[in-house]
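J.: In full-length UniProt numbering, the protein residues as written are 1 to 167.
Quick one: this structure, given as structure tokens, is what I'll be asking you about.
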Amino acid sequence: CAGRERSRFKRGGVIYYQCSACRHQTSLISGTMFQGTKLPLRTWMLALHLLTSTKTNMAALELMRHLGVNYRTAWRMKHKIMQVMAEREVTRRLSGFVQIDDAYLGGERNGGKAGRGSENKQPFLIAVQTDASFTAPSFVVIEPVCSFDNAALTDWIARRLGPECEA
């Protein structure tokens with residue numbers, strides 16, 4: 001509905017908004033990762049800060065100690081945050097100045113074919129979005145590809161690079 005008027009009310013400690021035209025009710029956290037939570041948003045924000053500001057991974061046990069929640073709650077919060085971050089990264093398209101390189105991971109150390117032709121190595125594409133001076137990286141995408149042929153690279157470029165991208 002295109003209604004512009006709304007009313008605000010509280011039910012069970014949660015603030016709801018109701019459209020005056022169609023009477024649809026919604027809250028600020030509906031449709032977000034916080035929908036259905038019983039924890040205060042302040043606790044979620046602290047968990048987001050702790051998990052994203054550490055250079056190394058934070059264990060759920062350490063998160064539990066910082067937040068003052070039980071282990072199961074800390075573990076679920078951590079995994080929900082990681083899931084949301086991973087879902088966002090799958091759809092991210094790089095833009096601006098992007099540097100792309102290829103790499104291989106794995107393979108035999110001894111007795112096998114070395115280099116690019118090895119059957120046991122997984123090809124990867126690595127793309128880094130930088131500023132105009134190529135000094136400060138903004139985003140990094142590391143993604144496995146089936147091969148480095150023209151069709152695979154064209155598909156990867158269409159999915160991961162924006163139309164205004166300079167590679």
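In this text, a Cβ means the ideal position worked out from N, Cα and C, and glycines have one as well.
This structure is a prediction, so every number in the text was calculated from the model and none was measured.
1) What residues are listed by DSSP as bridge partners for residue 19?
2) Could you tell me the alpha carbon to alpha carbon distance between residue 54 and residue 48, rounded to whole angstroms?
3) In the stretch 61-141, which residue ranges form an unbroken beta strand (DSSP E) of at least 3 residues, counting only runs that do not cross its ends?
4) Would you mind sorting residue 160 into buried or exposed? The rule is 16 or more other CB atoms within 10 Å of its CB.
5) How many Å lie between residue 29 and residue 85 at the Cα?
6) Out of 17, 147, 91 and 11, point me to the one whose CA is closest to residue 5's CA.
7) Using a Cβ-Cβ cut-off of 6 angstroms (strictly less than) and excluding sequence neighbours within five positions of residue 51, which residues of its own chain qualify?
8) Taking the alpha carbon of residue 96 as the point to measure from, which residue in 130, 23, 120 and 136 has its own alpha carbon closest?
9) Less than 6 angstroms between C-beta atoms, sequence neighbours within five positions excluded: which residues of the same chain meet that for residue 72?
10) Taking the alpha carbon of residue 22 as the reference point, which residue from 46, 12, 36 and 2 has its own alpha carbon closest?
11) Counting along the chain, where does the alpha helix (DSSP H) carrying residue 53 start and finish?
12) Buried or exposed for residue 77, please, with buried defined as at least 16 other CB atoms from any protein chain shown within 10 angstroms of its CB.
13) Output needed for residue 148: all residues of its chain with C-beta closer than 7 angstroms, excluding positions within five of it in sequence on either side, in chain order.
14) Can you confirm whether residue 75, when its beta carbon is compared against all beta carbons of chain B, has any partner nearer than 8 angstroms?
15) Under the three-state reduction of DSSP, which class applies to residue 28: helix, strand or coil?
16) Output the boundary residues of the alpha helix (DSSP H) element that contains residue 155.
T.: Looking at the coordinates:
1) Numbered from 1 along the sequence shown, position 19 holds the residue referred to as residue 19. Partner(s): 6.
2) In the sequence shown, the residue the question calls residue 54 occupies position 54. In the sequence shown, the residue the question calls residue 48 occupies position 48. Computed Cα separation, rounded: 10 angstroms.
3) Runs of the beta strand (DSSP E) inside the stretch 61-141: 97-106 and 121-130.
4) In the sequence shown, the residue the question calls residue 160 occupies position 160. Classification for residue 160: buried.
5) Numbered from 1 along the sequence shown, position 29 holds the residue referred to as residue 29. Numbered from 1 along the sequence shown, position 85 holds the residue referred to as residue 85. Looking at the two C-alpha atoms, the distance is approximately 17 angstroms.
6) To locate residue 5, count along the sequence shown from 1; it is residue 5. Looking at the Cα atoms, 17 is the closest of the given residues.
7) Here residue 51 refers to the residue found at position 51 when the sequence shown is read from its first residue. For residue 51, where only same-chain residues beyond five positions count, the Cβ hits under 6 angstroms are 58 and 81.
8) Mapped onto the sequence shown, residue 96 falls at position 96. Taking only the C-alpha atoms, the option nearest residue 96 is 130.
9) Against the sequence shown, residue 72 aligns to sequence position 72. Closer than 6 angstroms at Cβ, skipping near neighbours: no residue.
10) The residue labelled residue 22 in the question sits at position 22 within the sequence shown. The shortest Cα separation from residue 22 among 46, 12, 36 and 2 belongs to 2.
11) Along the sequence shown, read from residue 1 onward, the residue named residue 53 stands at position 53. It spans 41-53 - the alpha helix (DSSP H) in which residue 53 sits, taken as one unbroken run.
12) Reading the sequence shown from its first residue, position 77 is the one you call residue 77. Buried: at least 16 other Cβ atoms inside 10 Å.
13) The residue labelled residue 148 in the question sits at position 148 within the sequence shown. Contacts found: 102 and 123.
14) No chain B appears in this structure, which consists of one protein chain only.
15) Taking the first residue of the sequence shown as 1, we reach residue 28 at position 28. DSSP places residue 28 in coil when its eight states are reduced to three.
16) Translated into the one-based positions of the sequence shown, residue 155 becomes position 155. Unbroken alpha helix (DSSP H) run through residue 155: 150-160.
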